[in-house]
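Colleague: Going from the sequence shown to the working numbering is simple: count from 1 and add 1042.
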Amino acid sequence: MRKPYSASEDKILLLECEVSFLRRPASTYPDCDSRNYKLLVFLFRSPIGLVLNGNINTFWTIQSNPRSSWFLNKILKMRGIVYDWIKLRVGNGITCRFWTDNWSPFGNLQNYFSNDSNYSIKYQKTQHSLHSSESRDHLFFSCSYAWELWFSLSQRCGFSSERNWSAALQQLQRYHSQNWRGRLILLCWQCCLYWVWQERNGRLHRNSSRSVGLIGRLVDRQVRDRILSYRDTNPLLSSRMMQRWLQ
1043 MRKPYSASED
1053 KILLLECEVS
1063 FLRRPASTYP
1073 DCDSRNYKLL
1083 VFLFRSPIGL
1093 VLNGNINTFW
1103 TIQSNPRSSW
1113 FLNKILKMRG
1123 IVYDWIKLRV
1133 GNGITCRFWT
1143 DNWSPFGNLQ
1153 NYFSNDSNYS
1163 IKYQKTQHSL
1173 HSSESRDHLF
1183 FSCSYAWELW
1193 FSLSQRCGFS
1203 SERNWSAALQ
1213 QLQRYHSQNW
1223 RGRLILLCWQ
1233 CCLYWVWQER
1243 NGRLHRNSSR
1253 SVGLIGRLVD
1263 RQVRDRILSY
1273 RDTNPLLSSR
1283 MMQRWLQ
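(1) Which class does Lys1129 belong to by DSSP, given the choice of helix, strand or coil?
(2) Just tell me which of Arg1282, Ser1280, Arg1263, Ala1188 has its CA closest to the CA of Ser1253.
(3) I think Tyr1125 touches Asn1144, with their Cβ atoms under 8 Å apart; what is that distance to the nearest whole Å?
(4) If you follow the alpha helix (DSSP H) that Lys1119 is in, where does it begin and where does it stop?
(5) In or out: Arg1225 buried (at least 16 other Cβ within 10 Å) or exposed?
(6) Which stretch, first to last residue, makes up the alpha helix (DSSP H) that contains Thr1275?
(7) Here's the rule I'm using: 16 or more other beta-carbon atoms within 10 Å means buried, otherwise exposed. How should Met1283 be labelled?
(8) Identify the residues that DSSP records as bridge partners of Thr1168: which are they?
(9) Within its chain, find whatever has a CB closer than 8 Å to the CB of Cys1234; leave out the 5 residues flanking it on each side and keep chain order.
(10) Check each candidate in Gln1197, Ser1186, Gly1149 and name the one with the smallest Cα separation from Trp1127.
(11) Between Tyr1236 and Leu1228, is the Cβ-Cβ spacing less than 8 Å?
(12) Which value, in whole angstroms, describes the spacing of the CA atoms of Leu1288 and Gly1255?
(13) From Ile1123 to Pro1147, what does the alpha carbon distance come to, in whole angstroms?
(14) Given that a residue counts as buried once 16 or more other Cβ atoms are within 10 Å of its Cβ, and exposed if not, what is Thr1275?
(15) Quick check on this structure: which residue in Gln1220, Asn1221, Trp1231 has the alpha carbon closest to the alpha carbon of Glu1204?
(16) Using a Cβ-Cβ distance under 8 Å, would Asn1153 count as near chain C?
(17) Cα separation between Phe1101 and Lys1116?
(18) Which one of Gln1220, Trp1222, Arg1178 has the shortest CA to CA distance from Trp1207?
(19) For my contact list, Lys1167 and Phe1140 are in at a C-beta cut-off of 8 Å; report their separation, rounded to the angstrom.
(20) Just how far apart, CA to CA, sit Gln1264 and Phe1155?
(21) Tell me which residue opens and which closes the alpha helix (DSSP H) that Ile1269 is part of.
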């Protein structure tokens, strides 16, 4: 016989999910009649929860099937009603899907941003995969895009750079801005970091991208303008930096 429902079960967890609608009676939810409420309680407190394969995000993405039971299809039709009741605790993000799970104050982000804009984030991406796939060392310079840009700039400065971030920093510490070569190398380094980060943000937030060649031309113009700004205060420095840059 099933044991009586106790107050300690007010919060029912399914992996990282908190089923908040179970804390209050169905009468507090005007959009859900008592029968639908009981169906949802049954979903999370009975073996039929195995349909979710132990993962709540399956509930938002599973497709209805005529061959599935009436009970399952009935519950799937109620997803729009109960979405706001089931909040996902992100935790380590392994089971938290960026687009479909209810982890954000904006709710379903796919609906919030519209289906036409995915900001280069794939539909199945989780919070964990978004953060783990990008790191400082990946961006600078395991990423072939960033490395191609920095390699071309460092060659123009006469600087043979390591591809690893930490190793490159150790190399750069040998240079300082008091001489023209060190200033040129450090200037290009700063420009590279700035434009790579701009490109990363453009792809992630605006769904736009630019070629390495285009970014290289923007850096070239930026470096030239900066070198020319030294002409009045230090013409010799400006001349030597420009000669090297134009070689």
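No residue lacks a Cβ here, since even glycine has one placed at the ideal position from N, Cα and C. All of these numbers come straight from a predicted model, not from anything done at the bench.
Modeller: With the given structure in hand:
(1) For the purposes of this step, residue 1129 is taken as residue 87 along the sequence shown, with counting starting at 1. Shown here, Lys1129 sits in a strand according to DSSP, grouped into three states.
(2) In the sequence shown, counting from the first residue as 1, residue 1253 sits at position 211. Ranking the options by Cα distance to Ser1253, first place goes to Ala1188.
(3) One-based indexing of the sequence shown puts residue 1125 at position 83. One-based indexing of the sequence shown puts residue 1144 at position 102. Rounded, the Cβ-Cβ distance is 6 Å, consistent with contact.
(4) Along the sequence shown, read from residue 1 onward, the residue named residue 1119 stands at position 77. For Lys1119, the enclosing alpha helix (DSSP H) starts and ends at 1112-1119.
(5) What you label residue 1225 is simply residue 183 of the sequence shown in a count that begins at 1. Its Cβ being crowded by 16 or more others within 10 Å, Arg1225 is buried.
(6) The residue labelled residue 1275 in the question sits at position 233 within the sequence shown. Per DSSP, Thr1275 is not a residue of any alpha helix (DSSP H), being assigned neither H nor E.
(7) For the purposes of this step, residue 1283 is taken as the residue at position 241 of the sequence shown. Around the beta carbon of Met1283, 16 or more other beta carbons sit within 10 angstroms, so the residue counts as buried.
(8) Within the sequence shown, numbered from 1, the residue matching residue 1168 stands at position 126. According to DSSP, Thr1168 bridges with Arg1139.
(9) Locating residue 1234 in the sequence shown gives position 192, counting from the first residue. Within the same chain, Cys1234 has close Cβ partners Ala1188, Leu1191, Trp1192, Leu1195, Val1261.
(10) If you number the sequence shown from 1, residue 1127 lands on position 85. The shortest C-alpha separation from Trp1127 is found at Gly1149.
(11) Taking the sequence shown and counting its residues from 1, one reaches residue 1236 at position 194. Taking the sequence shown and counting its residues from 1, one reaches residue 1228 at position 186. At a Cβ-Cβ threshold of 8 Å, Tyr1236 and Leu1228 do not count as neighbours.
(12) Here residue 1288 corresponds to residue number 246 of the sequence shown, with the count starting at 1. Here residue 1255 corresponds to residue number 213 of the sequence shown, with the count starting at 1. Spanning the two alpha carbons is a distance of roughly 17 Å.
(13) Against the sequence shown, residue 1123 aligns to sequence position 81. Against the sequence shown, residue 1147 aligns to sequence position 105. So the two alpha carbons sit approximately 17 Å from each other.
(14) As a working mapping, residue 1275 is identified with position 233 in the sequence shown. Thr1275 is exposed by the Cβ-count criterion.
(15) On the sequence shown, position 162 is the one that residue 1204 refers to. Per the Cα distances, Trp1231.
(16) Looking at the structure shown, chain C is missing, and only one protein chain is on hand.
(17) Residue 1101 sits at position 59 when you count from the first residue of the sequence shown. Residue 1116 sits at position 74 when you count from the first residue of the sequence shown. Rounded to the nearest angstrom, the two C-alpha atoms are 12 Å apart.
(18) Working through the sequence shown from its first residue, we reach residue 1207 at position 165. For Trp1207, the nearest C-alpha among the options comes from Arg1178.
(19) Locating residue 1167 in the sequence shown gives position 125, where the first residue counts as 1. Locating residue 1140 in the sequence shown gives position 98, where the first residue counts as 1. Indeed they touch by this definition, with Cβ atoms about 5 Å apart.
(20) As a position in the sequence shown, residue 1264 is number 222, starting the count at 1. As a position in the sequence shown, residue 1155 is number 113, starting the count at 1. Rounded to whole angstroms, the gap between the alpha carbons of Gln1264 and Phe1155 is 34 Å.
(21) For the purposes of this step, residue 1269 is taken as the residue at position 227 of the sequence shown. For Ile1269, the enclosing alpha helix (DSSP H) begins and ends at 1254-1270.
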